[in-house]
Amino acid sequence: SPSFRAELLDGRMLMGLTGRLFYEDGVQSRGIPLLADGSTPDVSLKTGVFGEGAFFKRQTQEVNSDLEYDFLDNLKLNVKLGYQRSALKHQDNYAYNFGGARADGSVNTLNSFGDWDTRIWAGEISLEYTAEMAGQEQKFLAGYNKSHYKDYSMSGYAYVGSDNIFNPANNT
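Just so you know, we're using this note's numbering here: the sequence shown kicks off at 434 and counts up by one.
In structure tokens:
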């Protein structure tokens, strides 16, 4: 992740910035369907029948910055800001074999989908004062912080119909 750090004003000001971007695009595990007796079918389930269209996309963005400024020898300002966003989308079709397959070998198929997006902003500002009291250095700190969290999510399932995913003719 890229980062930047600088000293300004003869070392009286320090600035920093870090960032991170993560992106993942892929296919979810399709799993293995089970027959009513708990065994697996003796056919090859190739991509395109069981788990057709399965995908997910995940993205994370993060930025953090900080600033320290020494006004005087004994007074310092600290400012920190941060932002993070996480997003995930997925969709997949799969067989739902509740109660076993029908006489023709078909099972119910479903489509599931989901969309999640989370955003967080946070900030902090503080003043630090250092003074000599009773022969010892004392530090006093006063500050304020604030954050904002926003979350969005949606998910669902849709009945697609029935299909015989156990028939080798459907797995070509």
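Glycine included, each C-beta is placed from N, C-alpha and C at the ideal position.
If you check the CB distance, Ser586 and Trp549 come in under 7 Å.
In this structure, Tyr582 places its C-beta atom within 7 Å of the C-beta atom of Ile553.
Phe489 is the residue among Tyr562, Phe489, Asp503 whose C-alpha sits nearest the C-alpha of His523.
Between Lys509 and Glu561 a beta carbon distance of about 4 Å is seen, short of the 8 Å cut, so the two are scored as contacting. For the pair Phe573 and Glu457, the Cα-to-Cα distance works out to about 45 Å. In the DSSP annotation of this structure, the continuous segment of the beta strand (DSSP E) that includes Arg438 starts and ends at 436-441. Straight-line spacing of the CA atoms in Val512 and Thr493 works out to 24 Å.
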